[in-house]
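Asker: All residue numbers for the sequence shown refer to our numbering, where the first residue is 2 and numbers rise by one. Note that beta-carbon positions come from the ideal geometry of N, C-alpha and C, so glycine has one too. Have a look at this one.
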Amino acid sequence: MTVLVPTVLLPTGLCAQSPPPSSWRRSVEASGSLLYGAASQRVLNGMFSASSETARRQLRGDVQSGYGDAVDQVSGERRVIVRNTRGTFGVDLTPRALVSPFAFGLAETSLQQRLASRFSAGAGAKLTVWRPDSIRGGFQEDGSISLAMLGEETRGIRINDTTPAAGTGTRYRWSLRARYRTRIGESLRFSHLTLYQPTIDRAARYTMESTTTLAVPLRSAIELTFTHRERLDSEARDRGAPSNRDGQMLFGLRATF
């Protein structure tokens, strides 16, 4: 005896489908450093970043903030030594091509460099000189250099109304950037970025930034990070800063989702 079992065919559009994977990648990082002895010092930093990349475009942005204070063990006085906030955004067209155009912007404040505000925006082109065919462990390895032009508006922190507005105003700059990211062995990730931005009319008037990061994955989405960051502004002392250099060495944790 043959048993007939009725079959119901559903239209293709009604079949259950899993949603396409999101192209967005987000990370949260908390880091800090602590010194003690003749002077007690603590520095805390937090950062949130997000990026999305396809063959046609890459969007990226981040917000980071830092705070630090120091206590003199003799006098017991506490004073703020670090207070800054920075936000950046960028868009790259055809980011996987050999040469890709991009646009970017920045907004920041910094007590160390006596910046009440700094806003800048520009555009340029990036040349990727090295990129392996495969992505190992979810980490993109590459080496690139870029050239751009930007406009900048800087306002300094005034001590009083009679302080001259040196080291402030409108600047037009070149932007030269070199970046290198690679894996060292199976468990260490290395990245370095150097950014040099002289004014178009005076090479001795410049800002420069160097960031080197080592990351060790602890789990699939959590990394232990060590970061050395150096920022220089040739006009910081003109605004009343104690030094043109602002450097930090930070240990932290980064979660990616």
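I'd like to confirm the pairing. Which residues does DSSP put opposite residue 51 in its beta bridges?
Answerer: DSSP, once it has assigned bridges, lists 27, 62 as partnering residue 51.
Asker: Within 10 angstroms of its Cβ, does residue 134 collect 16 or more other Cβ (buried), or is it exposed?
Answerer: When all chains shown are included, residue 134 counts as exposed.
Asker: In the DSSP assignment, the beta strand (DSSP E) including residue 85 goes from what residue to what residue?
Answerer: It spans 79-94 - the beta strand (DSSP E) in which residue 85 sits, taken as one unbroken run.
Asker: In terms of residue numbering, what span does the beta strand (DSSP E) encompassing residue 199 cover?
Answerer: Taken as a continuous stretch (DSSP letters only), the beta strand (DSSP E) holding residue 199 covers 189-199.
Asker: Jot down the residue ranges of each uninterrupted beta strand (DSSP E) in the region 134-187, minimum 3 residues, whole runs only, in chain order.
Answerer: DSSP runs (the beta strand (DSSP E)) wholly in the region 134-187: 143-157, 170-185.
Asker: Specify the secondary structure class of residue 230 as computed by DSSP and reduced to three states.
Answerer: Strand.
Asker: Who are the Cβ neighbours of residue 109 in its own chain at under 6 Å, not counting the five residues just before and after it?
Answerer: Excluding residues within five positions, the ones whose Cβ falls inside 6 Å are 87, 119.
Asker: For residue 114, count neighbouring C-beta atoms within 10 Å of its own C-beta (all shown protein chains included) and say buried if the count is 16 or more, exposed if not.
Answerer: The residue is buried, with at least 16 neighbouring Cβ atoms inside 10 Å.
Asker: Sort 68, 49, 93, 191 by Cα distance to residue 105 and report the nearest one.
Answerer: Comparing Cα-Cα distances from residue 105 to each of 68, 49, 93, 191, the minimum goes to 93.
Asker: Taking the Cβ atom as the reference point for each residue, do residue 97 and residue 56 lie within a distance shorter than 7 Å?
Answerer: Yes.
Asker: Could you name the residues of the same chain whose beta carbon sits closer than 6 Å to that of residue 90, not counting the 5 residues immediately before and after it, in chain order?
Answerer: Counting only Cβ-Cβ distances below 6 Å, and skipping sequence neighbours, we find 62, 106.
Asker: At which residues does the beta strand (DSSP E) containing residue 210 begin and terminate?
Answerer: Start and end: 207-218.
Asker: With a cut-off of 8 Å on the beta carbons, I'd call residue 43 and residue 69 a contact; round off their distance for me.
Answerer: That pair is a contact at about 6 Å.
Asker: Classify residue 9: buried if its beta carbon has 16 or more other beta carbons within 10 angstroms, exposed otherwise.
Answerer: Residue placement at residue 9 is poorly supported in this model, since its pLDDT is 43, which falls under 50; the coordinates still yield a value, given next. It is exposed - the Cβ of residue 9 has fewer than 16 other Cβ atoms within 10 Å.
Asker: Between residue 175 and residue 198, how many whole angstroms is the CB-CB distance? I'm expecting something under 8 Å.
Answerer: With 8 Å as the limit, residue 175 and residue 198 qualify as a contact, their Cβ atoms being about 7 Å apart.
Asker: Are residue 230 and residue 212 touching if we call contact CB-CB under 7 Å?
Answerer: Contact flag set, yes.
Asker: May I ask you to report which of helix, strand or coil DSSP gives residue 238?
Answerer: DSSP places residue 238 in helix when its eight states are reduced to three.
Asker: Can you give the Cα-Cα distance for residue 112 and residue 79, rounded to whole angstroms?
Answerer: Between residue 112 and residue 79, the C-alpha separation is close to 16 Å.
Asker: Within the same chain, show all residues whose beta-carbon is closer than 6 Å to that of residue 255, passing over the 5 residues directly before and after it, in chain order.
Answerer: The answer, listed in chain order, is 28, 30, 224, 226.
Asker: From 60, 182, 73, 168, pick the residue whose C-alpha is nearest to that of residue 130; which is it?
Answerer: Minimum Cα distance to residue 130 is reached at 182.
Asker: Using CA coordinates, which residue listed in 153, 122, 179, 151 is at the minimum distance from residue 144?
Answerer: Selected option, being the one with the closest Cα: 179.
Asker: Reducing DSSP to helix, strand and coil, say where residue 245 ends up.
Answerer: In the structure shown, residue 245 sits in coil (DSSP, three-state: anything other than H, G, I, E or B).
Asker: Are there 16 or more other CB atoms within 10 angstroms of the CB of residue 74, so buried, or fewer, so exposed?
Answerer: So residue 74 ends up on the exposed side.
Asker: Does the distance from the C-beta atom of residue 172 to that of residue 195 stay below 7 Å?
Answerer: No; because the gap between Cβ atoms is not below 7 Å, this pair is not in contact.
Asker: Output needed for residue 72: all residues of its chain with C-beta closer than 6 Å, excluding positions within five of it in sequence on either side, in chain order.
Answerer: So the list reads 41, 79, once near-sequence residues are dropped.
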